[in-house]
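Residue numbers (the UniProt record's numbering): 1 to 616. A quick write-up on the structure given underneath.
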Amino acid sequence: METIDGTLIGEDFVTGSDGSVTVPGLKPGTAVKISELTAPEGYEISEAAKETVIQSGETVSVVFRDKKLESLSILKTDADGNPLAGAVFELRTMDGTLVTSVTSGENGLAVVPNLKGDFIVTEVKSPEGYLLDTTPHPVHVEAGKPAQITIKNNAVAGLKIVKTVEQTGDPLEGVTFRIEKPDGGLIGEYTTDEQGQIFVSLEPQTVVVREISAPEGYSVDSTPRTVEIKANDITTLTYKDERLNGIRIRKVDADTGRGIYGVRIMVTDENNDVVGVYTTDHQGYIEIDKELPDGVYYLEEIEAAPGYDLDKVVKRIRIENGKTKVIVWENAREKGQIQILKTSADANPITGQPAGSRLEGAVFEIARADTDRVVGYMVSDYRGVAASEPLPLGRYVVREVTPPTFYQLNSKEFEVELKVQNDIVRVGVQNTSAQISTSVKKSGNTVVVPGQQMRYDFSDICNLSNVPLENFYWHDELPGSVRLAAIHTGTWSQPGLTYSVTYRTNRNSAYRTLASGLLSTQSYDLDCTPSKLGLAADEFITDFRFEFGTVQPGFREQDKPMILVTVNQGLLNGHRFANRTDVGGQYGGKWFTSSFTWVTEVSAPTPVLDYPKTGY
């Protein structure tokens with residue numbers, strides 16, 4: 001709003017919900033010019049400006065009448081006028097500027113509000129199952145006159161192929177067809193389903209259909225057919241394949257199920273006339289696909305594959321109704337056996353068995369010599385004999401994987417060859433006895449005084465055996481005359497080993513973890529004071545254990561472990577206390593241990609007694 005001479009009175013006056021706005025405080029007699037700057041949404045300005053004079057004591061009314069903008073309705077239907085949902089349209093101005101994109105709803109309508117002028121409507125996505133209409137549609141929208149345009153879609157055309165069996169009319173699954181353009185361009189290859197049908201959505205055009213393959217035992221109609229696909233229509237082609245009589249034989253290994261190459265089989269009919277002599281291929285198949293009359297046929301194996309038994313049993317089969325008879329025929333390999341005699345190479349100090357004793361419980365692994373594929377295992381019995389299951393002829397490697405209890409593993413591999421049917425190859429294998437021994441030593445002060453801190457050193461904590469020991473431990477039992485302050489773990493000779501340290505107290509006989517996951521090659525200092533461990537006031541450590549798990553022969557300390565203890569106050573002169581330590585491990589379920597004891601004597605000053613004087 002401004003005066004006639006151009007002086008600005010104010011701007012941004014906005015009408016309320018009743019369509020009016022009031023400007024107070026204007027001087028009577030003032031001539032003003034009022035201009036509408038922005039129309040409400042859905043309307044356009046029709047009167048740009050009006051002039052009036054302010055009257056004394058009156059409210060002057062000025063009325064602006066805006067023209068309402070109109071909507072554009074796009075109706076999407078099929079060829080029969082039924083509404084279609086899901087069509088996407090672009091609305092552009094005549095110069096190509098995109099105004100908006102809209103999608104038709106269930107009623108087929110896509111509505112664009114607040115329009116005026118000339119526009120182009122183009123379909124950019126058709127409803128599923130319908131052809132896209134790419135034609136640009138011009139439309140004019142006038143104020144006060146709603147506009148509507150109807151755009152129809154043709155349904156996608158289709159080709160339906162139906163495949164049946166000539167003799168029975170049953171649907172035939174698994175038939176493959178190629179669909180091409182007239183110029184040879186490939187549209188696609190499709191295979192009939194369990195209903196014997198194929199449906200392909202196609203745009204209207206001319207196509208060529210060819211059958212290219214059928215299931216085994218059926219003829220293929222390879223004649224090309226040219227068909228025209230029409231809009232809003234489904235073209236149906238029907239094919240019939242003749243089912244042929246035939247015989248399909250597969251020779252397989254009785255153990256592995258794999259096909260056998262080179263087996264010769266003679267086929268004769270019920271009149272004993274020879275149909276033919278056939279040889280299995282590399283997958284063990286014989287395909288007799290020539291047309292055979294219904295009737296009885298005989299299959300006779302006349303030559304086995306090398307390494308297999310000849311099956312002399314003649315097979316009788318009947319074929320009819322255009323069916324292919326499928327025969328799976330097993331052949332057993334010629335086989336032999338491996339036997340191991342397991343004996344002791346020396347007198348066993350643990351079991352007391354003399355040299356030459358037959359040993360039970362040795363486990364052997366059998367592998368193919370050419371591929372190293374494991375084919376079986378065998379275990380020696382109370383006679384020391386380990387016998388394999390029947391094995392196909394060929395070369396094998398036998399290796400011991402588990403020795404008899406209290407014997408060392410014999411790591412030598414033995415190669416044997418089974419050469420003829422029912423061949424038995426015997427091999428003698430000896431084991432040397434397991435020598436099992438452990439050791440431990442310790443040293444400390446020989447004499448101490450009450451309240452003194454002393455040190456125990458440990459050495460020769462060792463697996464002296466020639467076999468690994470399981471659950472290997474080192475244990476120390478502390479005398480009641482001392483209190484444990486710290487443990488120096490030392491280092492150990494087996495790289496990659498982790499171990500735990502546990503302890504128990506006078507108040508709790510169960511072992512608790514002091515430290516775990518310790519590396520054998522790293523030394524640790526462990527604080528064992530009651531305050532560090534959260535022990536009760538009268539609670540103290542009585543034992544600790546190093547728990548190593550399985551250790552190898554020769555396992556021992558490298559950096560020697562040691563402990564620090566404090567001698568209790570109040571011990572009498574001449575008191576002696578002993579510290580006992582032990583190690584152990586398991587082999588064959590039996591424990592093997594060693595121990596060592598160190599004795600220390602207390603030297604305490606003798607108190608001087610002050611006796612009373614008697615008077616003499």
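Don't be surprised by glycine CBs; every beta carbon is placed ideally from N, CA and C.
Check your understanding: So, are the CB atoms of valine 252 and glycine 262 less than 7 angstroms apart?
Key -> Translated into the one-based positions of the sequence shown, residue 252 becomes position 252. Translated into the one-based positions of the sequence shown, residue 262 becomes position 262. Cβ atoms of valine 252 and glycine 262: not closer than 7 angstroms.
Review point. Exposed or buried, glutamine 353, counting other C-beta atoms within 10 Å across all chains shown (16 or more means buried)?
Key: Here residue 353 refers to the residue found at position 353 when the sequence shown is read from its first residue. In this structure glutamine 353 is buried. Its beta-carbon is surrounded by 16 or more other beta-carbon atoms within 10 angstroms.
Review point. By Cβ distance below 6 angstroms, which residues in the same chain neighbour lysine 342 in space, the five residues on each side in sequence not counted?
Key: Stepping through the sequence shown from its first residue, residue 342 is reached at position 342. Around lysine 342: Leu359, Ala362, Ser380, Gly384 and Val429.
Review point. Considering only residues of the same chain and omitting the five flanking positions on each side of glycine 356, which have a CB-CB separation below 7 angstroms?
Key: Counting from one through the sequence shown, the residue named residue 356 turns up at place 356. The answer, listed in chain order, is Thr343 and Ser344.
**Study point:** Spatial neighbours of glycine 588 in its chain, beta-carbon cut-off 7 angstroms, leaving aside the 5 residues before and after
**Key:** Here residue 588 corresponds to residue number 588 of the sequence shown, with the count starting at 1. Shown here for glycine 588: same chain residues with a beta carbon closer than 7 angstroms to its own, the five before and five after excluded, namely Thr405 and Phe406 in chain order.
Exercise for review: For the beta strand (DSSP E) holding leucine 484, just list the boundary residues, first then last.
Suggested key: Counting from 1 along the sequence shown, the entry for residue 484 is found at position 484. Note, leucine 484: beta strand (DSSP E), 482–488.
**Study point:** Residue burial classification, aspartate 476 (beta-carbon count within 10 angstroms, cutoff 16)
**Key:** Position 476 of the sequence shown holds residue 476. With 16 or more other Cβ atoms within 10 Å, it is buried.
Check your understanding: Are threonine 192 and isoleucine 198 closer than 7 angstroms when you measure CB to CB?
Key -> As a working mapping, residue 192 is identified with position 192 in the sequence shown. As a working mapping, residue 198 is identified with position 198 in the sequence shown. Cβ distance < 7 angstroms, so threonine 192 and isoleucine 198 count as in contact.
Review point. Which residue from Arg576, Pro40, Ala369 and Ser35 puts its Cα closest to that of asparagine 445?
Key: Position 445 of the sequence shown, counted from the first residue, corresponds to residue 445. Looking at Arg576, Pro40, Ala369 and Ser35, the one whose alpha-carbon comes closest to that of asparagine 445 is Arg576.
**Study point:** In DSSP terms, what residue 623 is bridged to
**Key:** Past the edges of the chain, shown from 1 to 616, lies residue 623, and the structure says nothing about it.
Exercise for review: Return the residue from the list Tyr130, Asn154 and His282 that minimises the CA-CA distance to residue 645.
Suggested key: In this structure the chain extends from 1 to 616, so residue 645 is not present and cannot be described.
Review point. Quick one: Cα of alanine 510 to Cα of alanine 347, how far?
Key: For the purposes of this step, residue 510 is identified with residue 510 of the sequence shown, where counting begins at 1. For the purposes of this step, residue 347 is identified with residue 347 of the sequence shown, where counting begins at 1. Rounded to whole angstroms, the gap between the alpha carbons of alanine 510 and alanine 347 is 41 angstroms.
Review point. Leaving out the 5 sequence neighbours to the left and right, which residues in its chain are closer than 8 angstroms to arginine 556 when beta-carbon positions are compared?
Key: Within the sequence shown, the letter at position 556 stands for residue 556. Counting only Cβ-Cβ distances below 8 angstroms, and skipping sequence neighbours, we find Asp460, Ile461, Cys462, Asn463, Trp492 and Ser493.
Check your understanding: Is the beta carbon of valine 551 sitting closer than 7 angstroms to the one on threonine 438?
Key -> Taking the first residue of the sequence shown as position 1, residue 551 is located at position 551. Taking the first residue of the sequence shown as position 1, residue 438 is located at position 438. No, these two residues do not count as a Cβ contact at 7 angstroms.
Point to revise | Sub-7 angstroms separation of glutamine 435 and glutamate 334 beta-carbons | key: As a first step, residue 435 is located in the sequence shown; it is residue number 435 there, counting from the start. As a first step, residue 334 is located in the sequence shown; it is residue number 334 there, counting from the start. With contacts defined by Cβ atoms closer than 7 angstroms, glutamine 435 and glutamate 334 do not form a contacting pair.
Point to revise | Bridge-paired residues (DSSP) for isoleucine 34 | key: Locating residue 34 in the sequence shown gives position 34, where the first residue counts as 1. Partner(s): Lys50.
Check your understanding: Would glutamate 415 be called buried (16 or more neighbouring beta carbons within 10 Å of its own) or exposed?
Key -> By 1-based counting over the sequence shown, the position of residue 415 is 415. Classification of glutamate 415: exposed, given that the 10 Å Cβ count is below 16.
**Study point:** proline 530, enclosing alpha helix (DSSP H) - first and last residue
**Key:** Numbered from its first residue, the sequence shown carries residue 530 at position 530. Segment 530–533, the alpha helix (DSSP H) holding proline 530.
Point to revise | the segment 110–123 touching the segment 51–63, judged by at least three CB pairs closer than 8 angstroms | key: By the C-beta criterion, the segment 110–123 is judged not to be in contact with the segment 51–63, since fewer than 3 inter-stretch pairs fall below 8 angstroms.
Practice item. Starting from asparagine 471, trace the beta strand (DSSP E) both ways and give me its first and last residue. Key: Reading the sequence shown from its first residue, position 471 is the one you call residue 471. That run of the beta strand (DSSP E) goes 469–477.
Check your understanding: Helix, strand or coil for glutamate 110 per DSSP?
Key -> Translated into positions along the sequence shown, residue 110 becomes position 110. First, the residue type needs correcting, since residue 110 is alanine and not glutamate in the sequence shown. Alanine 110 falls in the strand class under three-state DSSP.
Review point. Going by alpha carbons, who is nearest to valine 102 out of Gly96, Ala79, Lys116 and Leu75?
Key: In the sequence shown, the residue the question calls residue 102 occupies position 102. For valine 102, the closest of Gly96, Ala79, Lys116 and Leu75 by C-alpha to C-alpha distance is Leu75.
Exercise for review: Please determine, among Thr3, Gly19 and Arg507, the residue with the shortest C-alpha to C-alpha distance to leucine 26.
Suggested key: For the purposes of this step, residue 26 is taken as the residue at position 26 of the sequence shown. Of the candidates Thr3, Gly19 and Arg507, Thr3 places its Cα closest to the Cα of leucine 26.
Review point. So is arginine 395 buried or exposed if we call it buried at 16+ other beta carbons inside 10 Å?
Key: For the purposes of this step, residue 395 is identified with residue 395 of the sequence shown, where counting begins at 1. Exposed, by the Cβ-count rule.
Practice item. Please state if the CB of valine 328 and the CB of isoleucine 366 are separated by a distance shorter than 7 angstroms. Key: Along the sequence shown, one-based indexing puts residue 366 at 366. Along the sequence shown, one-based indexing puts residue 328 at 328. Going by C-beta atoms, isoleucine 366 is not nearer than 7 angstroms to valine 328.
Exercise for review: Alpha carbon to alpha carbon, how far is glutamate 106 from glycine 117? Give it in angstroms, no decimals.
Suggested key: Start at 1 with the first residue of the sequence shown, and residue 117 comes out as number 117. Start at 1 with the first residue of the sequence shown, and residue 106 comes out as number 106. Between the alpha carbons of glycine 117 and glutamate 106 lies a gap of roughly 28 angstroms.
Check your understanding: DSSP state of methionine 378, grouped into three classes?
Key -> Against the sequence shown, residue 378 aligns to sequence position 378. When secondary structure is reduced to three states using DSSP, methionine 378 falls in the strand class.
Review point. In three-state terms, what does DSSP make of alanine 347?
Key: Indexing the sequence shown from 1 puts residue 347 at position 347. In this structure, alanine 347 counts as coil in the three-state DSSP scheme.
Practice item. Measure the Cβ-Cβ separation of threonine 581 and valine 448 and say whether it is below 7 angstroms. Key: The residue labelled residue 581 in the question sits at position 581 within the sequence shown. The residue labelled residue 448 in the question sits at position 448 within the sequence shown. For the pair threonine 581 and valine 448, the CB atoms are not nearer than the 7 angstroms cut-off.
Check your understanding: What number of angstroms, rounded off, separates the C-alpha of valine 100 from the C-alpha of glutamate 90?
Key -> Looking up residue 100 in the sequence shown gives position 100. Looking up residue 90 in the sequence shown gives position 90. Valine is not the amino acid found at residue 100; the sequence shown has threonine there. If you draw a straight line from the Cα of threonine 100 to the Cα of glutamate 90, it is about 6 angstroms long.
Review point. Is the segment 519–537 in contact with the segment 493–503, if contact means three or more CB pairs nearer than 8 angstroms?
Key: With the cut-off at 8 angstroms, the segment 519–537 and the segment 493–503 touch.
Exercise for review: For valine 427, write down the residues that DSSP places opposite it in a beta bridge.
Suggested key: To locate residue 427, count along the sequence shown from 1; it is residue 427. According to DSSP, valine 427 bridges with Ile340.
Point to revise | For methionine 454: DSSP bridge partner residues | key: Along the sequence shown, one-based indexing puts residue 454 at 454. Note: methionine 454 sits in a beta bridge opposite Val565.
Exercise for review: Excluding the 5 residues preceding and the 5 following threonine 15 in the sequence, name in chain order all residues of the same chain whose CB lies nearer than 7 angstroms to its CB.
Suggested key: Residue numbering aside, residue 15 sits at position 15 when the sequence shown is read from its first letter. Excluding five sequence positions before and after threonine 15, the CB atoms of its chain that fall closer than 7 angstroms to its own CB belong to Val21, given in chain order.
**Study point:** Candidates Ile45, Thr513 and Asn114: closest to tyrosine 499 by CA position
**Key:** Numbered from its first residue, the sequence shown carries residue 499 at position 499. For the residues Ile45, Thr513 and Asn114, the minimum Cα distance to tyrosine 499 belongs to Thr513.
Point to revise | Beta-carbon proximity check, lysine 560 vs glycine 490, cutoff 7 angstroms | key: The sequence position of residue 560 within the sequence shown is 560, counting from 1. The sequence position of residue 490 within the sequence shown is 490, counting from 1. In contact: lysine 560 and glycine 490 (Cβ atoms closer than 7 angstroms).
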